[in-house]
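For reference, the structure discussed in these notes is given below.
Protein chains: 2
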Amino acid sequence: MSTEFAALSVAARDPRLADAPLLAAARRRSPAHTPVWFMRQAGRSLPEYKKVRAGIAMLDSCRRPELVTEITLQPVRRYGVDAAIFFSDIVVPLKAVGVDLDIRPGVGPVIAEPFRTHADLDRIPELEPGMIEDIATSVGLLTAELGGTPLIGFAGAPFTLASYLVEGGPSRDLTKTKALMYTDPQLWRALLDRLAQISAGFLRVQVAAGASAVQLFDSWVGALPLADYRTHVQPSSAAVLQAVRDLDPSVPRIHFGVQTGELLPAMGEAGADVVGVDFRVPLDVATERLGGDYAVQGNLDPATLFASREVLGERVRQTLEAGSKAPGHIFNLGHGVPPEADPDQLKFVVDTVHAGKS
Amino acid sequence: MSTEFAALSVAARDPRLADAPLLAAARRRSPAHTPVWFMRQAGRSLPEYKKVRAGIAMLDSCRRPELVTEITLQPVRRYGVDAAIFFSDIVVPLKAVGVDLDIRPGVGPVIAEPFRTHADLDRIPELEPGMIEDIATSVGLLTAELGGTPLIGFAGAPFTLASYLVEGGPSRDLTKTKALMYTDPQLWRALLDRLAQISAGFLRVQVAAGASAVQLFDSWVGALPLADYRTHVQPSSAAVLQAVRDLDPSVPRIHFGVQTGELLPAMGEAGADVVGVDFRVPLDVATERLGGDYAVQGNLDPATLFASREVLGERVRQTLEAGSKAPGHIFNLGHGVPPEADPDQLKFVVDTVHAGKS
Chain A
1 MSTEFAALSV AARDPRLADA PLLAAARRRS PAHTPVWFMR QAGRSLPEYK
51 KVRAGIAMLD SCRRPELVTE ITLQPVRRYG VDAAIFFSDI VVPLKAVGVD
101 LDIRPGVGPV IAEPFRTHAD LDRIPELEPG MIEDIATSVG LLTAELGGTP
151 LIGFAGAPFT LASYLVEGGP SRDLTKTKAL MYTDPQLWRA LLDRLAQISA
201 GFLRVQVAAG ASAVQLFDSW VGALPLADYR THVQPSSAAV LQAVRDLDPS
251 VPRIHFGVQT GELLPAMGEA GADVVGVDFR VPLDVATERL GGDYAVQGNL
301 DPATLFASRE VLGERVRQTL EAGSKAPGHI FNLGHGVPPE ADPDQLKFVV
351 DTVHAGKS
Chain B
1001 MSTEFAALSV AARDPRLADA PLLAAARRRS PAHTPVWFMR QAGRSLPEYK
1051 KVRAGIAMLD SCRRPELVTE ITLQPVRRYG VDAAIFFSDI VVPLKAVGVD
1101 LDIRPGVGPV IAEPFRTHAD LDRIPELEPG MIEDIATSVG LLTAELGGTP
1151 LIGFAGAPFT LASYLVEGGP SRDLTKTKAL MYTDPQLWRA LLDRLAQISA
1201 GFLRVQVAAG ASAVQLFDSW VGALPLADYR THVQPSSAAV LQAVRDLDPS
1251 VPRIHFGVQT GELLPAMGEA GADVVGVDFR VPLDVATERL GGDYAVQGNL
1301 DPATLFASRE VLGERVRQTL EAGSKAPGHI FNLGHGVPPE ADPDQLKFVV
1351 DTVHAGKS
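Line by line, the protein sequences give chains A and B.
Take 1 as the starting number for the first sequence in our numbering and just add one per residue.
Take 1001 as the starting number for the second sequence in our numbering and just add one per residue.
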């Protein structure tokens, strides 16, 4: 960690956060009610989001503090969720250090020159706080507005960042990424170390500015067999989570990826307080696999948002029931909100969760 | 099952098949050596395939018996694998019944009018043997050439076929497919019943013409939580596997999908002899989850084909070791051969498997 990040100190937080259900559940204490928020709760499923984003490119929108604040707050206002998630994109810190990339609508992040050799490391300098002053500003504006509602800091994990850099864009099988990992483990490790510095720096700036929890998104890491995860990925993700802990050990760390049924314990051991579970593994099964040592987050199948209220309500209650077996449960979807989701269905989920199990 | 399919009778098979390692492993008997073949072993990774396919559209190539025979035999000649897999595409039987679709290079199957309502069922008539006489011809030509090497019959499972029909093409999350399943379970069931008839018919024609094993590919079913798989999918897949069994109970049935770690026992219970395992779940773990009741197939990570011989050899031996815990093991990749794979690496895998564990 560079000295500049080491010098960060944490802003005073709102005293009302002490009782926030999200933080209580994450710390395996008893919350007043089961907390709920949704991955990608801010975004294209909301008409008010489309309105404020109109004509503004995704990556630009992430760097305008007033806009980031508005977008981040929209789902908190509409749904009454128990946390805000900092509105950003996984590639924002890469762009901030100077990687030539763009987000193409309907495609995703596209990297101008995919990562191939040691020389390419020079195109990915370390992140310095001065490169993301606007992020600290956004977080400051947000926490002032949010009061007793926690803000969850957001960053992509080294593996998922690497997958975009190596593939050049979204990919189904991540063959190039895994090929690099297998053929040149030293270069792979150097890349992941660099990305760990960037990911950690991005989270630390958010925590220093007032975020009261963080989520590390290792969205595509489920493409790896467990043994490879442990050898080639876990150390760098652990470094990111440790860097957050070093700055403020009171900030819960949530660790999430999809298709990670086989990786759950290893993702916990990387230094998480809460393990995010995708919709494939029922939360009671996940809790068993995790040895009961972690709070869990999840995991309603986003596709159930398109079902009737009757079916949806039943699935919410099943998820609550399965989650009650864990030492702490943060209700969420098992993946991000689909852009086509009906906000009224999401509101119904929040109300059903808050009403409890019976 | 329509009477026409019921009238099929099974061709006499080559007596040398009695000792085929693939069939022995599938039947949980001791094979002379661990059998090995590769999903998508015939295809774009082979220069001889590209040569014979030049200028011929994918779906046309699947309907020309001489070409199907040549393509199916190519990997058997080159690698000395222990089985041929019938060269076809998952959507061939849909096209055969008259669904308007095409395979777009670089994209995959594209359906002209995606499936939405009960009326759309009329566009998916039942499959009759007369619609696929060329398939029987291809299988006949092949088994004559293959002698003591088993031919594995090929078909897509109802869920995966439905996913293409409903999405209109390949999709990451299958949101539309799952939405239909949740919102209109009756229509969903009617669709899957129809597709089960088509899938079963496609396999029965292959078995009647001489295929000595079958694999039911439910490629995308790992997108479902277990409870939904059991309620909404398993019955139709079970009907397909039962239809094969009814025709010839001696023909082993392999059942495979990716991301199915949570579904393995349910996929076995659908009526499989062999459960295919993707690369995420080590075969010893899979065997434990399956209660030791099934042979397993898999599951080398295709990305390891891009590693050094040293790493690749080690991974092959690890897979053999894990597979030795199962009552039967058919070596395979944990997913299809990537088009960029080097055939020499695949040959090395075959030789390493045949040389055994030490």
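We put the beta carbon where it would ideally sit given N, CA and C, even for glycine.
Treat the numbers as computed from the prediction; the structure is a model and nothing was measured.
Does A:Lys-50 pass the burial test, meaning 16 or more other C-beta atoms within 10 Å, or should it be called exposed? exposed
CA-CA distance, A:Ser-358 and A:Leu-333? With a pLDDT of 40 at A:Ser-358, under the threshold of 50, the predicted position of this residue should be treated as unreliable, though the coordinate-derived value follows. Taking the straight line from one Cα to the other gives about 20 Å.
Taking only beta-carbon positions, decide if B:Ser-1358 is within less than 9 Å of chain A. Summary for B:Ser-1358: the model assigns pLDDT 40, below 50, so the residue's position carries little reliability; its value from the coordinates is reported in the next sentence. Judged by the 9 Å Cβ criterion, B:Ser-1358 is not in contact with chain A.
A:Leu-146 lies in the beta strand (DSSP E); which residues open and close that run? Taken as a continuous stretch (DSSP letters only), A:Leu-146 belongs to no beta strand (DSSP E), being part of the alpha helix (DSSP H) at 133-146.
Give the list of continuous beta strand (DSSP E) stretches no shorter than 3 residues that lie fully inside the stretch 1073-1140 of chain B. 1101-1104, 1108-1111
Determine the contact status of A:His-329 and A:Leu-283, defining contact as a CB-CB distance below 9 Å. yes
Could you name each continuous alpha helix (DSSP H) segment of 4 residues or more that falls completely within the stretch 40-69 of chain A, going from the start of the chain to the end? 47-53, 58-61
For the alpha helix (DSSP H) that A:Val-251 lies in, which residues bound it at each end? A:Val-251 -> no alpha helix (DSSP H), and no H or E assigned at all.
C-alpha distance - B:Tyr-1229 paired with A:Val-311, whole-angstrom precision: 16 Å
Residues of chain B with a CB under 8 Å from the CB of A:Pro-338: which are they? Asp-1173, Thr-1175
When DSSP labels each residue in this structure, what does B:Phe-1038 get in the three-state scheme? coil
Could you pull the DSSP bridge partners for B:Val-1240 from this structure? Paired residues: none, contrary to the question.
Determine, for A:Val-221, whether the minimum Cβ-Cβ distance to residues of chain E falls below 9 Å. You won't find chain E in this structure, because its protein chains are A and B.
Between the stretch 106-121 of chain A and the stretch 36-45 of chain A, do at least 3 Cβ pairs fall closer than 8 Å? no
Sorted by chain position, which residues of the same chain lie with C-beta nearer than 7 Å to B:Thr-1287's C-beta, five sequence neighbours on each side aside? Val-1296, Lys-1325, Ala-1326
Which runs of the alpha helix (DSSP H) spanning at least 4 residues fall entirely within the stretch 161-232 of chain A, listed in chain order? 175-183, 185-208, 226-232
Would DSSP call B:Val-1350 helix, strand or coil? helix
Taking 6 Å as the limit between beta carbons, can you name the residues of its chain near A:Ala-83, skipping five residues before and five after? Leu-22, Trp-37, Pro-150, Ile-152
Expressed to the nearest angstrom, what Euclidean distance is found between the alpha-carbon atoms of A:Ala-213 and A:Arg-40? 16 Å
In chain B, what lies closer than 7 Å to A:Gly-261 by C-beta? Gly-1261, Glu-1262
Within the continuous beta strand (DSSP E) that includes B:Leu-1320, where are the two ends? Premise fails: B:Leu-1320 lies in the alpha helix (DSSP H), 1309-1323, not in any beta strand (DSSP E).
Tell me whether A:Ala-144 is buried or exposed, calling it buried when 16 or more other Cβ atoms sit within 10 Å of its Cβ. exposed
Run of the beta strand (DSSP E) containing A:Ala-295, from where it starts to where it stops: 295-300
Between which two residues does the beta strand (DSSP E) containing A:Leu-17 stretch? Note, A:Leu-17: premise wrong, no beta strand (DSSP E); not H, not E.
Touch test, the stretch 296-308 of chain A against the stretch 1181-1188 of chain B, Cβ-Cβ under 8 Å, three pairs minimum: yes
For the stretch 1273-1292 of chain B, list every residue whose C-beta sits within 8 Å of some C-beta in chain A, in sequence order. Phe-1279, Arg-1280, Val-1281, Pro-1282, Val-1285
Neighbour flag for B:Lys-1178 against chain A, beta carbons, 9 Å: yes
Please decide whether B:Asp-1060 counts as near chain A, where near means a Cβ-Cβ distance under 9 Å. no
What would DSSP say about A:Ala-272, mapped onto helix, strand or coil? coil
Which residue marks the beginning of the beta strand (DSSP E) containing B:Leu-1333, and which one marks its end? 1329-1333
When we look at the beta-carbon of B:Ala-1270 and count the other beta-carbons within 10 Å, is it buried (16 or more) or exposed? buried
Give a yes or no on whether the C-beta atoms belonging to A:Glu-167 and B:Val-1281 are separated by under 9 Å. no
Candidates A:Asp-301, A:Pro-93, A:Val-316: which alpha carbon is nearest A:Pro-338's? A:Asp-301
Are the beta-carbon atoms of B:Glu-1128 and B:Glu-1004 separated by less than 9 Å? yes
Pairwise C-alpha distance: B:Gly-1106 and A:His-354: 46 Å
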